[in-house]
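Student: After the structure tokens below, expect a handful of questions from me.
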Amino acid sequence: MCSSPGVTSTVMSAPRVVSVAPGSPAEQVGLQAGDEILALNGEIPRDVIAYQLLADEAEVTLDVARGGLGLQLEVSKAAGEPLGAEVHSALFDQVRTCDNHCEFCFIYQLPPGMRQSLYLKDDDYRLSFLYGNFTTLTRFTEADLERVITEKLSPLHVSIHATDPEVRTEMLRNRRGATSLRWLRALLDHGIEVHGQIVVCPDRNDGPVLDDTLAGVLDRFPELASVCVVPLGVSRYNPEAAMRPHTEAEAQAVLDAVHEWQQVFLATFGRRLVFAADEYYLLAEMPFPPAEAYEGFPMHEDGVGMARTFELEFRGAVAEPTGVATGFFSWVDGAPAEGYRGSRQATEEAASTEGTTLVRPTGPPGSVTLLPPRRAPVGILTGRYGEAVLAPLLSDLDREDVRIVVVDNDFFGGNTGVAGLMVGADLARVLADEPVGHRYLLPDVCLSQGRFLDGLTPADLPRPVEIVATDGIALRAALEPR
């Protein structure tokens, strides 16, 4: 059955329990991993948000399916106390997929043969709330607005790109792009916190169009919590000839526009509101703004201020890493940490060593891999952008035994230079030419559930690697001699 625009089909799957917290109310009533929760207090949840609201009750009746048998479990706990069961998915009905056809969409630029889940384009406001995904609102409805307001699903993340209706329609290749920002106005009118994003494409929405967009934000959406301006990514599989990386001069022009509008917003609202991604400063070869200019780093996860926070962490100026803003899904007890917020570590042949995980290569049966000692020379694996951030920090250390090992991204190609997109094949190629017996530090941001985007694991690499959390505090600790 075909769905109308903005409406998903009603195919449902029951939430399946994947883990139960020890000592939790769920464990006390006998809920087990593998159980399917058919209903809570007689209601069938369509997503983990509804599941949470039902599980928050003091008295919860769980209708459970286990091995073909039906069970009913009665939970008594304090209202709002976590049930203590993690379920298999955030959504139990279908993901609302994206029906835009943006020229700059990176999913269209992925190579063939990757995991099927990587090719899914979502435009689902629930995933925006839970995981910080961006939605264009072209599939948003009155019913969605009512639910967001009633359940206070805040913050949300909205892709703006342009406030001119014709430009936005052209960029999204969707006629609803001209009108869907009315939902952004409605969200703000009802006090929903919203963070905006503008992906800037040369000759599309830069220059005067970018100025017009930021003027539109000033005039129509001044309540936005923040707006990040980010460059488009271009892989070698890019099917759109008009989509190309920024030149240095274009990056400089974007920064000039952002800085000028920051002053306008400061004078008008007392806050900068709009921020440029770190990549623009690297492309333009300009210094990063001071930490206070980021006003709390509201768009840290989107590459805005990461370099500055990493420096503060590495130099010991802050006690805790900024890290991933996990608040979007931590509100929901039991929501799986998927995608970008998924577990980075793997439990394969690994030994934990104070914040790092040392992973041996997989060799022939009976082979022995010698692990490098702590005093061994260190190679820090990173991409081109990571090199630009790390080089001045390591220079200040004055350590001849520590070097940067740059991993050029042949897998994606194009202007891909961030550490988070390093894959196993490129790492294996680079490490094969590196000396045996050295320590190799790998940032965990390039892993999800212990795997790289190309499906390989750290155990597939030709040298042992130490997986280190992607923050300055963890890197500094990994470099300290013991």
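When we follow this note's numbering, the leftmost residue of the sequence shown carries the number 164, and every step to the right adds one.
Glycine included, every Cβ here is placed at the ideal spot set by N, Cα and C.
Do the segment 595 to 605 and the segment 420 to 429 touch if we need at least three Cβ pairs shorter than 8 Å?
Tutor: no
Student: Does the Cβ-Cβ distance between residue 635 and residue 477 come in under 7 Å?
Tutor: yes
Student: Are the Cβ atoms of residue 591 and residue 625 separated by less than 7 Å?
Tutor: yes
Student: Ignore the nearest five residues each way along the sequence and tell me which others in residue 176's own chain have a CB closer than 6 Å to its CB.
Tutor: Correct list, in chain order: 255.
Student: Within the present structure, is the beta-carbon of residue 476 separated from the nearest heavy atom of the ligand FAD by less than 6 Å?
Tutor: Absence of the ligand FAD from the depicted structure is noted, as is the absence of any ligand whatsoever, leaving it without description.
Student: Does the separation of the CB atoms of residue 359 and residue 326 fall below 7 Å?
Tutor: no
Student: In or out: residue 282 buried (at least 16 other Cβ within 10 Å) or exposed?
Tutor: exposed
Student: Considering only the beta carbon of each residue, do residue 418 and residue 443 sit closer than 7 Å?
Tutor: yes
Student: Tell me whether residue 362 is buried or exposed, calling it buried when 16 or more other Cβ atoms sit within 10 Å of its Cβ.
Tutor: buried
Student: Can you tell me whether DSSP reads residue 583 as helix, strand or coil?
Tutor: Under the three-state reduction of DSSP, residue 583 is assigned to helix.
Student: With DSSP run on the structure shown, which of helix, strand or coil describes residue 394?
Tutor: Residue state, collapsed to three classes: strand.
Student: For residue 280, collect the residues of the same chain with a Cβ closer than 6 Å to its Cβ; drop the 5 residues on either side in sequence, then sort them by chain order.
Tutor: none
Student: Helix, strand or coil, according to DSSP, for residue 522 in the structure here?
Tutor: strand
Student: DSSP state of residue 606, grouped into three classes?
Tutor: strand
Student: Quick one, which of 209, 286, 215, 189 has its alpha-carbon nearest residue 238's?
Tutor: 189
Student: Determine the DSSP secondary structure at residue 182, reduced to helix, strand or coil.
Tutor: Note: residue 182 maps to strand in three-state DSSP.
Student: Return the Cβ separation of residue 429 and residue 454 in integer angstroms, given the expectation that the two are a contact with Cβ distance under 8 Å.
Tutor: Between residue 454 and residue 429 the Cβ distance is about 16 Å, and since that is not below 8 Å, they are no contact.
Student: Any idea what DSSP makes of residue 210, helix, strand or coil?
Tutor: strand
Student: For residue 226, report the span of its beta strand (DSSP E) as first-last.
Tutor: 222 to 229
Student: What are the residues that DSSP puts in a beta bridge with residue 574?
Tutor: Looking at the DSSP assignment, residue 574 forms no beta bridge with any residue, so it has no partner.
Student: For residue 467, collect the residues of the same chain with a Cβ closer than 6 Å to its Cβ; drop the 5 residues on either side in sequence, then sort them by chain order.
Tutor: 391, 438, 440
Student: For residue 485 and residue 388, what's the separation of their Cα atoms in angstroms?
Tutor: 18 Å
Student: Measure the alpha-carbon distance for residue 611 versus residue 522 and round it to whole angstroms.
Tutor: 15 Å
Student: With DSSP as the reference, label residue 455 as helix, strand or coil.
Tutor: Collapsing the DSSP output to three states places residue 455 in a helix.
Student: For a minimum of 3 consecutive residues, which ranges assigned as the beta strand (DSSP E) are wholly contained in the segment 336 to 399?
Tutor: 357 to 363, 389 to 394
Student: Tell me which same chain residues have a C-beta within less than 7 Å of the C-beta of residue 472, skipping the five on either side of it?
Tutor: 460, 463, 485
Student: Have a look at residue 318 and residue 357 and give me their C-alpha separation to the nearest angstrom.
Tutor: 5 Å
Student: Here's the rule: buried if 16 or more other CB atoms are within 10 angstroms of the residue's CB, otherwise exposed. What is residue 340?
Tutor: buried
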